[in-house]
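Report on one structure; see the data block that follows.
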Amino acid sequence: MIESILKMNLSPAFTVYDFSVLGAYFAFMLLIGWVFRKAVSNTSDYFRGGGSMLWWMAGSSAFMTQFSAWTFTGAAAKAYEDGAIILILYFANGTGFLVSYLFTAARFRQTRVITAVEAIRRRFGKANEQVFTWMQIPMGTIYAGIWLNALGLFFSAVFGFDVNATIIVTGIVVLLISLFGGAWAVSASDFIQVIVLMLITVVATVFTLVRIGGVSELITQFPADSFLGNNVTVPGIIYIWMIAIIVKQVANTNNLLDASRFLCARDTTQARKAALLATALFFIGPVIWFIPPMAAAVLIPDISAIFPHVSKPSEVAYVAICLQVLPAGMIGMLASGMFAATMSSMDSGLNRNAGVFVRNFYYTVCRPQADEKELMLAGKVVTVSLGIGIILIAMGLNQLSNMSLFNIMLQFGTLVAMPLIIPMILAVFVKRSPDWAAWSTIVVGLINSLCVKLFVTPERAQALLGLTEPLSQREGNDLVLIVGVISNLVVGFGWFFFACRFKQSLPEKREAEVNAFFDDMERPVGEDDPDLGKDDPGLQIRLISRVATGYGIFMLLMMLIPNPMSGRLAFAGCGLVLLVISALLRRSGARHTIRR
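Quick note, the sequence shown lines up with residues 5 to 600 if you use the numbering used here.
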């Protein structure tokens, strides 16, 4: 592996300064894992941070786990080709978290469990616990492998990094963060990664707007047929696609299977604040993120001439414009931001899946007599095993050179994930249902997805709708997604409520479990609650403050790189922001310590 790294054929644009910034980023991420190892003493700490995290840590983690480097590749390609319509996808995420703030974040935290699948067991029984355990773990591992492979392929095509070396190094860093510090380290690294991501994207946007002449010039010069983008023959399809995307993302954000993003919060109030923070970030961040690729459509209309070896040149639009406008060393920060977007999803998924295996299979099926020491050891063994599995899957996907990983992601999320989450949405709101309604809804939903995959084509849709003009490829893809989302919702909801008609009295023990589950969801976690986080909030704040201080000082030192004054000021601004955040964290940490 070391030889592969040394032999990387780095692009001339990726200088030794950029490599230093990227190396420092990985070092600081590993430092977080090592520092937070002291905060872990039991499985609750390891898999959900002891339910003691404050809103800004839980919220930043929820935000970062909702997207990957695809934002700066596949989504950036959409912005390059069709403009601001890509914002709908991310505003839909913001809408989903707004719904969480209003309705579900409090309910999820109030389930008072360590893993989301434990809540499923309380609601639907032990059989469904195992169904969701053995669907969640493989699905989460495959997702992480796809993200990691896509990241490796991208850096190989653009910067000349060795694909396997990128996959192995990134995978090992993520594995070590999760292994050492568990959920504490994962969420702490997510918080730092939010800051890194926002800093570099703000810098990239500012430099891009200076180059193009401002927002007004970008709007007037962007080459689009309309605000809906290009290649639109039936505008109604695009409008329905927008609605379908919003519905899909709201569903993805507000289901019991993904409740884990709020289980780590210290109490009900902190969980709702975390959802509100994620809402704000998803409504602000995308406006910043997609200005550079849109500007690239104006400044670099023939992007394939710059990257002739890239199969889909528009996917490197973000990097292409940054190579033109960013000073030396900043490309390394851009690479750090792209790694951050993928690593945050991977480490959260790795920690969550390990928790599901240990708490919902090993403990409940194999070793119900196991103590906390044994469960902690099992958690670390499973973390290593899953981490190695993710790396191997990512490397194995290199053999599928003819497949579009981004299309796989889109179809996987619509046709495979949606049947799982529909009963998990209803689980929070519908009390009178048989246990078998959950797993049977999944079966029916997957059958529906298979039919959509086999029989729904743009040609058939065009004939069914009686359209005289042929659909563009873009509209055809959008129509398939629309059918997949709507049909899964109709079939899934319909079957679940149909199953409710056959509701029979549950055994007395199960009836008591379901009643207790819903009673808990209505009862806030407050100061006198046994499930209130017991760990010292001041400790977590002080630890993150120290890491932020170190990274801020490093950014200030990067002012020494031979750059124009604007470049030096960019590094100074990034470093000062980190130091200010560190100072604010120290003050907050002192207040929390005094209160206790």
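Don't be surprised by glycine CBs; every beta carbon is placed ideally from N, CA and C. Predicted, not measured: the structure shown is a model, and the values here were computed from it.
Select from Leu583, Pro227, Gly233 and Asn258 the residue whose C-alpha is nearest the C-alpha of Leu430. Indexing the sequence shown from 1 puts residue 430 at position 426. Taking only the C-alpha atoms, the option nearest Leu430 is Asn258.
Cβ of Ser348 within 8 Å of Cβ of Thr119? Within the sequence shown, the letter at position 344 stands for residue 348. Within the sequence shown, the letter at position 115 stands for residue 119. No, the pair does not count as a contact, with Cβ atoms beyond the cut-off.
How would you label Leu582, buried or exposed, when you count the other beta carbons within 10 angstroms and need 16 or more for buried? In the sequence shown, the residue the question calls residue 582 occupies position 578. Label assigned to Leu582: buried.
For Gly164, the three-state DSSP class (helix, strand or coil): If you number the sequence shown from 1, residue 164 lands on position 160. If DSSP states are grouped into helix, strand and coil, Gly164 belongs with coil.
For Gly149, does the three-state DSSP call read helix, strand or coil? As a working note, residue 149 is residue 145 in the sequence shown. Helix, per DSSP.
The stretch 64–84 touching the stretch 143–163, judged by at least three CB pairs closer than 8 Å: yes
Between which two residues does the alpha helix (DSSP H) containing Ala83 stretch? Taking the sequence shown and counting its residues from 1, the one referred to as residue 83 is at position 79. Gly78 to Asp86 is the extent of the alpha helix (DSSP H) around Ala83.
Taking Ile92 as the reference, which of Tyr243, Ser340 and Arg464 has the closest Cα? Mapped onto the sequence shown, residue 92 falls at position 88. Taking only the C-alpha atoms, the option nearest Ile92 is Tyr243.
Relative to the C-alpha of Trp38, which candidate in Trp188, Trp74 and Gly63 has its C-alpha closest? If you number the sequence shown from 1, residue 38 lands on position 34. Comparing Cα-Cα distances from Trp38 to each of Trp188, Trp74 and Gly63, the minimum goes to Trp188.
Spatial distance of Phe159 from Val447 (CA atoms): Walking along the sequence shown from the start, residue 159 turns up at place 155. Walking along the sequence shown from the start, residue 447 turns up at place 443. Rounded to whole angstroms, Phe159 to Val447 spans 38 Å at the Cα level.
For Phe575, the nearest candidate out of Phe211, Gly289 and Ile288 (CA to CA): Position 571 of the sequence shown, counted from the first residue, corresponds to residue 575. If we check each option's Cα against that of Phe575, Phe211 comes out closest.
Would you list the one or two residues that DSSP bridges to Ala282? Within the sequence shown, the letter at position 278 stands for residue 282. Answer is none; Ala282 lacks a bridge partner.
Does the structure place the stretch 46–60 close enough to the stretch 175–187 that three or more beta carbon pairs sit under 8 Å? yes
Per DSSP, which one or two residues make a beta bridge with Ala269? Counting from 1 along the sequence shown, the entry for residue 269 is found at position 265. Met57.
Just to check my reading of the structure: Gly393 and Ala358 have Cβ atoms closer than 8 Å, yes? What is that Cβ distance to the nearest angstrom? Residue 393 sits at position 389 when you count from the first residue of the sequence shown. Residue 358 sits at position 354 when you count from the first residue of the sequence shown. With a Cβ gap of about 11 Å, Gly393 and Ala358 do not count as contacting.
Complete beta strand (DSSP E) runs within the stretch 352–408 (minimum length 3 residues, chain order): none
Straight-line CA distance for Ala62 to Leu471? Start at 1 with the first residue of the sequence shown, and residue 62 comes out as number 58. Start at 1 with the first residue of the sequence shown, and residue 471 comes out as number 467. The alpha-carbon atoms of Ala62 and Leu471 are separated by roughly 48 Å.
Can you grab the Cα-Cα spacing for the pair Ala374 / Asp262, in whole Å? The residue labelled residue 374 in the question sits at position 370 within the sequence shown. The residue labelled residue 262 in the question sits at position 258 within the sequence shown. Distance between the alpha carbons of Ala374 and Asp262 is about 26 Å.
Between Asp49 and Val178, how many whole angstroms is the CB-CB distance? I'm expecting something under 8 Å. The residue you call residue 49 lines up with position 45 of the sequence shown. The residue you call residue 178 lines up with position 174 of the sequence shown. With a Cβ gap of about 19 Å, Asp49 and Val178 do not count as contacting.
Check whether the Cβ atoms of Pro297 and Ala73 lie closer than 8 Å to each other. Residue mapping note: residue 297 aligns to position 293 of the sequence shown, counting from 1. Residue mapping note: residue 73 aligns to position 69 of the sequence shown, counting from 1. The answer is no: Cβ separation not under 8 Å.
Answer with buried or exposed for Gly593, where buried requires no fewer than 16 other C-beta atoms within 10 angstroms of its C-beta. Working through the sequence shown from its first residue, we reach residue 593 at position 589. So Gly593 ends up on the buried side.
Count the other CB atoms, across all protein chains shown, that sit within 10 Å of the CB of Gly217; report buried if there are 16 or more and exposed otherwise. The residue you call residue 217 lines up with position 213 of the sequence shown. Looking at its Cβ environment, which holds fewer than 16 other Cβ atoms inside 10 Å, Gly217 is exposed.
Whole angstroms is fine: what's the gap from Phe23's alpha carbon to Ile548's? In the sequence shown, the residue the question calls residue 23 occupies position 19. In the sequence shown, the residue the question calls residue 548 occupies position 544. Looking at the two C-alpha atoms, the distance is approximately 24 Å.
For Phe502, count neighbouring Cβ atoms within 10 angstroms of its own Cβ and tell me buried if that reaches 16, exposed if not. Counted from its first residue, the sequence shown places residue 502 at position 498. Exposed, because fewer than 16 other Cβ atoms sit within 10 Å of the Cβ of Phe502.
In whole angstroms, what separates the C-alpha of Pro685 from that of Phe163? The structure shown does not extend to residue 685, since the chain spans only 5 to 600, so no value can be given for it.
6 Å Cβ shell around Arg125 - same chain, five flanking residues per side excluded: By 1-based counting over the sequence shown, the position of residue 125 is 121. Contacts found: Glu133.
Is the CB-CB distance between Ala339 and Leu26 below 8 Å? Counting from 1 along the sequence shown, the entry for residue 339 is found at position 335. Counting from 1 along the sequence shown, the entry for residue 26 is found at position 22. Result yes, Cβ atoms of Ala339 and Leu26 sit closer than 8 Å.
Please report the distance separating the alpha-carbon of Val121 from that of Ala43. Position 117 of the sequence shown, counted from the first residue, corresponds to residue 121. Position 39 of the sequence shown, counted from the first residue, corresponds to residue 43. Taking the straight line from one Cα to the other gives about 24 Å.
Taking only three categories from DSSP, how would you classify Ser24? As a position in the sequence shown, residue 24 is number 20, starting the count at 1. Here Ser24 sits in helix by DSSP.
Select from Val117, Val198 and Met246 the residue whose C-alpha is nearest the C-alpha of Tyr29. In the sequence shown, counting from the first residue as 1, residue 29 sits at position 25. Ranking the options by Cα distance to Tyr29, first place goes to Val198.
When burial is assigned at 16 or more other CB atoms within 10 Å of the CB, is Leu381 buried or exposed? As a position in the sequence shown, residue 381 is number 377, starting the count at 1. Exposed, since its Cβ has fewer than 16 Cβ neighbours within 10 Å.
Is Gly240 helix, strand or coil by DSSP? Here residue 240 refers to the residue found at position 236 of the sequence shown. Three-state result, Gly240: helix.
Within 8 Å of any Cβ in chain C, is that where the Cβ of Thr205 sits? Annotation note: the requested chain C is absent from the structure, which comprises a single protein chain.
Does the beta-carbon of Thr237 have 16 or more other beta-carbons within 10 angstroms, so that it is buried, or is it exposed? Walking along the sequence shown from the start, residue 237 turns up at place 233. Classification of Thr237: exposed, given that the 10 Å Cβ count is below 16.
Runs of alpha helix (DSSP H) lying entirely within the stretch 484–530, each at least 4 residues, in chain order: 512–525
Return the bridge partner residues of Gly619 from the DSSP annotation. It is not possible to answer for residue 619, since the shown part of the chain is limited to 5 through 600.
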